[in-house]
Amino acid sequence: MELDGPARPGTRAGAEAAVTALYQASALGLIRLAYVMLDDLPSAEDVVQEAFYGLYRRWDRLNDPESAMYYVRTSVLNGCRSVRRRRAVRRRGLADEPPAVSAETVVLSGEEREEVIRAVRGLPHRQREALVLRYYSELSDEQIARVMGIGPSTVRSTMHRALEALGRALREQS
Amino acid sequence: MTRLEDKIRRAIHAKADQVSSDTVPPLRLPARRRRSFSLAHGGGERMGAPAWRRWFAPAASAALVLGVIAGSVMVSRLVLGGEAPGGPGAAAPASLENAAAWVAGQVSRSAVVACDPAMCRLLRAHRVTHLDELLPTTATPVHSEVIVATAAVRRQFGSRLSVVYAPMVIASFGSGAARTDIRVTATDGPAAYRSALSQDLAARKAAGAQLLGNSKILFSATARKEIAAGRVDSRVLVAIVAMGAQQPISIVSFTDSGPGAGAGSPFRAAELVGAAGTNQSTFVQPMIALMQAQQGPYLPARASVMQLHGHAALYIEYTAPSPLGLLGPSNS
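Chains as they are written, first to last, in this note's numbering: chain A, 14 to 187; chain B, 39 to 370.
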């Protein structure tokens, strides 16, 4: 049985301290990223909690701490995808209402911005993720590629297609 | 930057800023003693001492041999036109690494896992030992319980992989060519698998309906929906019954169906607390002892203390894949 004591690298206490520090430094940004994807704050918080819990469980197996942030970002994206899939299944099976944008939100954030967000959410998941990682997390093609597990050239073509689709969708709406 | 890009950036940032910076909840991690309560796979070994101590000696003695084997595999793959794997020193793509870590952490140690040679190497590095290596000459991948479907495996078996050999995805990582699915093998064929899955779902729904009527067991709204829909693993249901018979409990949530899992993949983990009025500090330890006393498939992989809203809570988790038919046929 492990005794409480000062955190040492390579111990569970060390892992806890490191994961907690990373959480404190990056949780807000990741919750916001998940919120943009899901439009649901409790689900966004859950997805981020799950990601850090997964990181904590696998801490011993990480080759270098730098990869921790990539691991968490990837987990958050996978978590968001799972939530969206589950929602789609529930909508089919239980006829649940899709998450609606409240009138208040529309007024507060501006109709045009909501239109853009709606159009982003209408994109295929890979395009949506690439777009949010670029324009919210400000990642480079190489960093996006690593988070999404695809090649940098695929990121570039995905971004190109996403921008084309968004341009079309926004022109149609206006 | 174009006007469109600027518009997108401003819209995404405005949306993100709706999340106030003072609303970040505290991180919930299992209590530090958690590894002592890991019940499967060697009683907490996997969360235990630094892995290098156990692996350094054999790894060092095998390094030369592995180098030669890896080199010959590279050459043979290039000759056969297969997918070039990362060499022994190269980092695997994130989706492969994530898939291997997930299998090591979630799949039962007694389950045989089918994998292509590159993935098998990664899994061995994660200390997964029951492997069925799929060579280019392997005709069918059904001598395993779980298949790690990398691009190479998908190419090798084509559409028969998802239609015939392994219809159910229990986790998925990455996308496009880098996508790696963890699939459950239909050892008796797809029709028998679908039938068993359907019967199991009906039995889980029936058992869930009974649990929802048990006055000693309370559920959060989400947990109630999930249990009614039959989305909870039968082993978790049995564990809940066993705990509810001891003292009133409250189910907070069900988790761990695997990232990207198919809708038929049930939740294998639960977070629960003592019902209102229970002394939470004395609730968890007896429940862990009860879980430790379970036998066979009902022995959880993990039963540990976690912090939930500042209180001690119990976390139980069973390994993947979820077994079918444990509850017997449904009468409904």
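Note that CB positions come from ideal geometry on N, CA and C, so glycine has one too. Predicted, not measured: the structure shown is a model, and the values here were computed from it.
Say yes only if the C-beta of residue i is nearer than 7 Å to one or more non-hydrogen atoms of the ligand HEM, and no if none qualify.
{"i": "Val-276/B", "result": "As for the ligand HEM, it is missing from this structure, which has no ligand bound."}
Tell me, which residues are paired with residue i by DSSP?
{"i": "Gly-312/B", "result": "Ile-287/B"}
{"i": "Val-222/B", "result": "Val-184/B and Met-206/B"}
{"i": "Val-151/B", "result": "Leu-169/B and Val-184/B"}
{"i": "Ala-307/B", "result": "Thr-293/B and Glu-355/B"}
{"i": "Phe-321/B", "result": "Answer by DSSP bridge pairing: none, since Phe-321/B is not bridged."}
{"i": "Ile-255/B", "result": "Ile-287/B"}
{"i": "Val-270/B", "result": "Phe-305/B"}
{"i": "Gln-345/B", "result": "Ala-350/B"}
{"i": "Phe-195/B", "result": "Phe-195/B pairs with nothing; no bridge assigned."}
{"i": "Val-145/B", "result": "Ala-358/B"}
{"i": "Phe-211/B", "result": "Thr-218/B"}
Tell whether a beta-carbon distance below 8 Å holds between residue i and residue j.
{"i": "Ala-299/B", "j": "Ser-95/A", "result": "yes"}
{"i": "Gly-312/B", "j": "Ile-287/B", "result": "yes"}
{"i": "Gly-92/A", "j": "Glu-63/A", "result": "yes"}
{"i": "Pro-335/B", "j": "Arg-273/B", "result": "yes"}
{"i": "Ile-289/B", "j": "Leu-310/B", "result": "yes"}
{"i": "Tyr-203/B", "j": "Ala-224/B", "result": "yes"}
{"i": "Ala-138/B", "j": "His-164/B", "result": "yes"}
{"i": "Glu-29/A", "j": "Tyr-66/A", "result": "no"}
{"i": "Tyr-356/B", "j": "Ser-342/B", "result": "no"}
{"i": "Met-206/B", "j": "Ser-303/B", "result": "yes"}
{"i": "Arg-184/A", "j": "Gln-140/A", "result": "no"}
{"i": "Ala-307/B", "j": "Phe-292/B", "result": "yes"}
{"i": "Val-270/B", "j": "Val-222/B", "result": "no"}
{"i": "Gln-285/B", "j": "Thr-260/B", "result": "no"}
{"i": "His-168/B", "j": "Val-180/B", "result": "no"}
{"i": "Gly-268/B", "j": "Leu-239/B", "result": "yes"}
{"i": "Ile-50/B", "j": "Val-32/A", "result": "no"}
{"i": "Ala-351/B", "j": "Gln-144/B", "result": "no"}
{"i": "Leu-134/B", "j": "Leu-161/B", "result": "no"}
Compare the C-beta of residue i against all C-beta atoms of chain B and say whether one is closer than 8 Å.
{"i": "Met-161/A", "result": "yes"}
{"i": "Ile-157/A", "result": "no"}
{"i": "Arg-139/A", "result": "yes"}
{"i": "Val-49/A", "result": "yes"}
{"i": "Ala-40/A", "result": "yes"}
{"i": "Leu-179/A", "result": "yes"}
{"i": "Leu-144/A", "result": "yes"}
{"i": "Gly-27/A", "result": "no"}
{"i": "Gly-92/A", "result": "yes"}
{"i": "Leu-208/A", "result": "Outside the shown range of chain A (14 to 187) lies residue 208/A, about which nothing can therefore be said."}
{"i": "Leu-152/A", "result": "no"}
{"i": "Ser-95/A", "result": "yes"}
{"i": "Arg-174/A", "result": "no"}
{"i": "Ser-170/A", "result": "no"}
{"i": "Val-32/A", "result": "yes"}
{"i": "Ser-115/A", "result": "With a pLDDT of 38 at Ser-115/A, under the threshold of 50, the modelled position of this residue cannot be trusted; read the value that follows with caution. For Ser-115/A, the answer is no, since every Cβ of chain B falls outside 8 Å of its Cβ."}
{"i": "Arg-257/A", "result": "Nothing can be reported for residue 257/A, as the shown portion of chain A is limited to 14 through 187."}
{"i": "Thr-167/A", "result": "yes"}
{"i": "Val-129/A", "result": "yes"}
{"i": "Arg-45/A", "result": "yes"}
Closer than 8 Å, CB to CB, is residue i near chain A or not?
{"i": "Ser-360/B", "result": "no"}
{"i": "Pro-63/B", "result": "yes"}
{"i": "Pro-338/B", "result": "no"}
{"i": "Phe-257/B", "result": "no"}
{"i": "Val-57/B", "result": "yes"}
{"i": "Ser-133/B", "result": "yes"}
{"i": "Arg-242/B", "result": "no"}
{"i": "Ala-216/B", "result": "yes"}
{"i": "Arg-48/B", "result": "yes"}
{"i": "His-349/B", "result": "no"}
{"i": "Leu-42/B", "result": "yes"}
{"i": "Arg-66/B", "result": "yes"}
{"i": "Phe-211/B", "result": "yes"}
{"i": "Gly-246/B", "result": "no"}
{"i": "Pro-324/B", "result": "no"}
{"i": "Val-145/B", "result": "no"}
{"i": "Asn-136/B", "result": "yes"}
{"i": "Leu-104/B", "result": "Its pLDDT being 48, under 50, Leu-104/B is placed unreliably in this model, and the coordinates cannot settle the point."}
{"i": "His-439/B", "result": "Beyond the ends of chain B as shown, which are 39 and 370, falls residue 439/B; an answer cannot be given."}
{"i": "Gly-268/B", "result": "no"}
Mind the definition here: the region 211-221 of chain B touches the region 157-168 of chain A only if three or more C-beta pairs lie below 8 Å; say whether that holds. As far as the Cβ criterion goes, the region 211-221 of chain B touches the region 157-168 of chain A, which means the pair count is three or higher.
Can you confirm whether the region 141-154 of chain A touches the region 42-52 of chain A when touching is taken to mean that 3 or more C-beta pairs between the two stretches lie within less than 8 Å? Under the three-pair Cβ rule at 8 Å, the region 42-52 of chain A counts as touching the region 141-154 of chain A.
Do the region 128-141 of chain A and the region 30-42 of chain A touch if we need at least three Cβ pairs shorter than 8 Å? Taking a cut-off of 8 Å on C-beta distances, the region 128-141 of chain A does not touch the region 30-42 of chain A, as fewer than three cross pairs fall below it.
Using 8 Å as the threshold, is the region 320-336 of chain B in touch with the region 247-260 of chain B, meaning 3 or more CB pairs across them? Because the criterion of three Cβ pairs below 8 Å is not met, the region 320-336 of chain B and the region 247-260 of chain B do not touch.
Counting pairs of Cβ atoms below 8 Å between the region 140-154 of chain B and the region 173-182 of chain B, do you hit three or more? Flag = yes, the region 140-154 of chain B and the region 173-182 of chain B touch.
Are the region 355-365 of chain B and the region 231-240 of chain B in contact at 8 Å, needing three or more beta carbon pairs? As far as the Cβ criterion goes, the region 355-365 of chain B touches the region 231-240 of chain B, which means the pair count is three or higher.
Please list the segments of the alpha helix (DSSP H) lying wholly inside the region 126-177 of chain A, counting only runs of 4 or more residues, in order along the chain. Taken in chain order, the unbroken stretches of alpha helix (DSSP H) that lie wholly in the region 126-177 of chain A and span 4 residues or more are 138-148 and 154-161.
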